[in-house]
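Which chain is which? The protein sequence lines are H and S, in order. Residue numbers for the first sequence follow the numbering used here, beginning at 292 and rising by one. Residue numbers for the second sequence follow the numbering used here, beginning at 255 and rising by one. Ideal Cβ positions, reconstructed from N, Cα and C, are used throughout, including at glycine. These figures come from a predicted structure and were not determined experimentally. What follows is a single structure, written as structure tokens, with notes after it.
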Amino acid sequence: MSTRIDTRFAELRKQGRAAFVTFLMAGDPDPATSLAIIQALPEAGADIIEIGMPFTDPMADGPAVQAAGRRALKAGMTVTKTLQMIRDFRQNEDATPVVLMGYYNPIYIYGVERFLVDAKAAGIDGLIVVDLPPEEDSELCIPAMKAGLNFIRLATPTTDDKRLPAVLANTSGFVYYVSITGITGSAAADSAAVGAAVGRIKRHTDLPVCVGFGIRTPEAARGIAEGADGAVVGSALVDALSGSLDTGGKATAGTVNAVAGLVASLAAGVRSARAG
Amino acid sequence: MNSLPNSFRSGPDERGHFGIFGGRFVAETLMPLILDLEKAYAEARADSAFQREMAGYRKNYVGRPSPLYFAERLTEHLRDISAASGRAGGAKIYLKREELNHTGSHKVNNVLGQILVARRMGKKRIIAETGAGQHGVATATLCARFGLDCVVYMGAVDVARQEPNVIRMEMLGAKVVPVQSGTRTLKDAMNEALRDWVTNVHNTFYCIGTVAGPHPYPMMVRDFQSVIGAETRAQMQEAEGRLPDSLIACIGGGSNAMGLFHPFLDDASVEIFGVEAAGHGLDKLHAASLTGGRPGVLHGNRTYLLMDDDGQIQDAHSISAGLDYPGIGPEHSWLRETGRVTYLSATDEEALAAFQLLSRLEGIIPALESAHAIARVIELAPQRSKDHLMVVNLSGRGDKDVPQVGEILKGRKT
């Protein structure tokens, strides 16, 4: 099985550079603006697009992503509308991989089988579900693999060498290394420590390793991209979006460009690094 | 529906499941810790030195065993009501006096156990979530006793309505963090505690206050609380020479109820009732997850939850901060599905009435949480015969609720 994610990493390997992975919340600050932002991402330099599925109780997320989820839910975002948004995005974009990231309950309530069929049909390539560790693989991970979707696992500083094989066993697409113990939007780990951790994971797998949590600037993105196969930026983009809203929390004429502009400069940071 | 198990007391399985409920739905960062905790708890449970240590603190620090008290005037009152309705019944009501424990509720039973496990694991920093503040106070107390750092997360709404407990926690040296996110009640306090844990994973022990969360918490907390039911068995044997006929307890997450129920689950003659918070009414805002919810995944376990059709968790409401939670421990979900336990509910108004009735008839001011159980006793006891032995878990004392209830009653007089 080869997905858009596999194809994208093969291309990037040929170019000799790391991937720039963006995270934004579906429906933030409203469904129409959210779609416009996502449509602008590939041209701005995003190699892989992660889309958050809003949830009322995001216990692994910091204040920025929590607020993004609240804005999206307030604007009426649902699982169904999230899938529709990706379907709309796919009308004009077939190459950039899309990964849905979120918590299990909305998927569980939507119905796992139905969700996988609809996600695949919408053009989604992979899933990251924060509260499904390998111990619960039978819930969604195994069914997702069978449905032809990558199930991307998080590895963390607490995932030691003994546990890594279990974490990697049913992972596909790429491995998402969470560079710190903490929530999204926390302070970054230094790139040397991250490089060592990526090296440790790579001794256990041939999958690309992308690194996220705490990357906010083009310089930090470049530092990470030198030691990893990809750099993920989320909270900084969400903050740029949030900063462009009016006092009532509504999108302004500058919202799409605020996000796309930061994506472009971060992408330049990633592209300036030479993968090792 | 599942076929009935041979025993209702054998769960969970090795993956932490009670039927389809329970499990370990946590972020990868926490998973290694949860596995460590499972191992540490299994070792402690099998270690007679640990059991002796816990027994010592239960006796001399907590003040156990708690009395099983025959509530004579409440019994007489409900017999009068029974007689007036022409039934001539009225169960004999016993109160399991968990409110007499040090710190004023059953919560200390669990916290003592977890803190002793945390010490075995070498953890120096303890975090907890709290709703009414009873679990927070118990945690702050034992952290003071053992010289551990203590941070308690409490929804900002609860900080306001349970101020006496906030003052107590701070007096005991704990840091109380008012949680402003989400609905600013117990579920958000739990989210924030999980965020702290995932950040400070290396030195921190998360002391969960109820029979919920990822495995092994529901099992471990149940085990520590089961002292309630074990004592009740022995005390009833001594008082009446037999088992009780019914048990009744209030349920938020469900730890006081599980503690009372678990030792009796395989005694088929014992009727068991859990009472959820029906808030303004089951057709309005409430906190009755089993009655008004459906199975979903939150806070590390699959269980009944209040949510909308998109899987978004809904606001719970109860007059009692300790029951104001949109979920329930997974073992309760399983006991409901198997039919072993009957789950009822009581509204804010019923709880308020029961609060006042028990205060005046027995000179015992119950916690608003426990008053929900009393509210159903008021209904059930007159329907039972006079030789029916009913045990109600008086899980906490109402001192913390006196300002809130006082305000409500004052508002009604004017």
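For residue i, the three-state DSSP class (helix, strand or coil)
i, result
"Ser-624/S", "helix"
"Ala-479/H", "coil"
"Ala-532/S", "strand"
"Arg-556/S", "strand"
"Cys-397/S", "helix"
"Tyr-394/H", "coil"
"Phe-515/S", "helix"
"Phe-504/H", "coil"
"Phe-380/H", "helix"
"Phe-304/S", "helix"
"Glu-430/H", "coil"
"Val-371/S", "helix"
"Thr-371/H", "helix"
"Leu-528/H", "helix"
"Arg-362/H", "helix"
"Ala-410/S", "helix"
"Ser-509/S", "helix"
"Ala-342/S", "coil"
"Val-455/S", "coil"
Option in the options with minimal Cα separation from residue i
i, options, result
"Ser-725/S", "Gly-276/S, Pro-620/S and Lys-346/S", "Lying before the first or after the last residue shown, residue 725/S is absent from chain S, which here runs from 255 to 668."
"Ala-605/S", "Glu-297/S, Gly-593/S and Cys-504/S", "Cys-504/S"
"Ala-531/H", "Val-356/H, Met-344/H and Ala-413/H", "Val-356/H"
"Pro-580/S", "Asn-510/S, Leu-426/S and Ala-466/S", "Ala-466/S"
"Ser-533/H", "Ala-359/H, Val-500/H and Tyr-468/H", "Ala-359/H"
"Asp-290/S", "Ser-613/S, Ala-531/S, Val-371/S and Leu-589/S", "Val-371/S"
"Ser-526/H", "Asp-537/H, Leu-536/H and Ile-506/H", "Ile-506/H"
"Gly-535/S", "Ser-572/S, Arg-263/S, Arg-651/S and Leu-440/S", "Ser-572/S"
"Leu-448/S", "Ala-300/S, Ala-600/S, Pro-468/S and Ser-264/S", "Pro-468/S"
"Glu-530/S", "Val-551/S, Ile-502/S, Asp-442/S and Asp-521/S", "Ile-502/S"
"Pro-432/S", "Ser-523/S, Asp-602/S and Glu-446/S", "Glu-446/S"
"Leu-402/S", "Thr-384/S, Phe-459/S and Arg-351/S", "Phe-459/S"
Spatial neighbours of residue i in its chain, beta-carbon cut-off 7 Å, leaving aside the 5 residues before and after
i, result
"Tyr-311/S", "Leu-366"
"Gly-483/S", "Gly-513, Leu-514, Phe-515, His-516, Pro-517 and Phe-518"
"Ala-655/S", "It is Asp, not Ala, that sits at residue 655/S in the sequence shown. The answer, listed in chain order, is Ala-621 and Leu-622."
"Arg-362/H", "Asp-319, Pro-320 and Gly-540"
"Leu-407/H", "Pro-434, Ala-435, Ala-438 and Leu-440"
"Lys-361/S", "Gln-388, His-389, Ala-392 and Gly-463"
"Ser-556/H", "Pro-509"
Same chain, Cβ closer than 8 Å to residue i, five either side skipped, listed in chain order
i, result
"Val-455/S", "Thr-283, Leu-284 and Leu-287"
"Thr-324/H", "Ala-542, Thr-546 and Val-547"
"Pro-425/H", "Cys-432, Arg-444, Ala-457, Val-458, Ala-460 and Asn-461"
"Ser-571/H", "No answer is possible for residue 571/H: the residues shown for chain H start at 292 and end at 567."
Beta-carbon contacts of residue i that lie in its chain and below 6 Å, excluding the five residues immediately before and after
i, result
"Arg-295/H", "Pro-388 and Asp-416"
"Thr-357/S", "Val-391, Ala-392 and Thr-395"
"Phe-324/S", "Tyr-348"
"Ala-413/H", "Leu-374, Ile-377 and Arg-378"
"Glu-661/S", "none"
"Thr-329/S", "Lys-346 and Ile-347"
"Leu-353/S", "Note that residue 353/S is Glu in the sequence shown, not Leu. Correct list, in chain order: Leu-648, Gly-650 and Arg-651."
"Leu-455/H", "His-495"
"Leu-612/S", "Ile-618, Pro-620 and Ile-628"
"Val-475/S", "Asn-364, Val-465 and Ser-509"
"Leu-426/S", "Ala-394, Thr-395 and Ala-398"
Residue i: CB within 7 Å of a non-hydrogen atom of the ligand NAP
i, result
"Leu-589/S", "With respect to the ligand NAP, the structure offers nothing, as it holds no ligand at all."
### Task
Assess, as a yes-or-no matter, whether the region 390–400 of chain H is touched by the region 416–433 of chain H under the definition of 3 or more beta carbon pairs within less than 8 Å.
yes
### Query
On the three-pair Cβ rule with 8 Å, is the region 476–485 of chain S touching the region 364–383 of chain S?
yes
### Task
Say whether the region 615–633 of chain S touches the region 585–597 of chain S, bearing in mind that this needs 3 or more beta-carbon pairs closer than 8 Å, one atom from each stretch.
no
### Query
Name the residues in the region 396–413 of chain H whose C-beta lies less than 9 Å from a C-beta of chain S; which are they?
Asn-396, Pro-397, Ile-398, Tyr-399, Ile-400 and Tyr-401
### Message
Taking beta-carbon pairs under 8 Å, can you tell me which members of the region 481–512 of chain H lie near chain S?
### Response
none
### Task
May I ask you to verify whether the region 547–560 of chain H touches the region 490–505 of chain S, counting CB pairs closer than 8 Å and requiring at least 3?
no
### Message
Count Cβ pairs between the region 333–341 of chain S and the region 626–636 of chain S that sit closer than 8 Å; are there 3 or more?
### Response
yes
### Task
With 8 Å as the limit, tell me which residues of the region 426–444 of chain H have their beta carbon closer than that to any beta carbon of chain S; keep them in chain order.
Glu-426, Glu-427 and Arg-444
#### Entry: Segment contact flag, the region 444–463 of chain S with the region 368–382 of chain S, C-beta cutoff 8 Å, min 3 pairs
yes
#### Entry: Positions along the region 450–462 of chain H whose CB lies within less than 8 Å of some CB in chain S
Thr-450, Asp-451, Arg-454 and Val-458
### Message
I want to know whether the region 426–443 of chain H touches the region 470–485 of chain H - three or more CB-CB distances under 8 Å.
### Response
no
### Task
Output, in sequence order along the chain, the residues in the region 421–436 of chain S whose CB is closer than 8 Å to any CB in chain H.
Ser-435 and Gly-436
### Query
Taking contact to mean at least 3 C-beta pairs separated by less than 8 Å, is the region 608–622 of chain S in contact with the region 302–310 of chain S?
no
### Task
Kindly confirm or deny that the region 640–653 of chain S and the region 542–549 of chain S touch, where touching means at least three C-beta pairs closer than 8 Å.
no
### Task
With 8 Å as the limit, tell me which residues of the region 413–424 of chain H have their beta carbon closer than that to any beta carbon of chain S; keep them in chain order.
Val-421, Asp-422, Leu-423 and Pro-424
### Query
Using a beta-carbon distance cut-off of less than 7 Å, what residues from the region 358–370 of chain H approach chain S?
Leu-364, Thr-369 and Val-370
### Query
So, do the region 550–561 of chain S and the region 574–591 of chain S have three or more beta carbon pairs nearer to each other than 8 Å?
yes
#### Entry: Contact residues within the region 340–357 of chain H, judged by C-beta distance below 9 Å to chain S
Pro-345, Phe-346, Thr-347, Asp-348, Pro-349, Met-350, Ala-351, Asp-352, Gly-353, Pro-354 and Gln-357
### Query
Is the region 399–416 of chain S touching the region 429–448 of chain S, taking contact as three or more C-beta pairs under 8 Å?
yes
### Task
Using a Cβ-Cβ cut-off of less than 7 Å, list which residues of the region 304–332 of chain H approach chain S; keep chain order.
none
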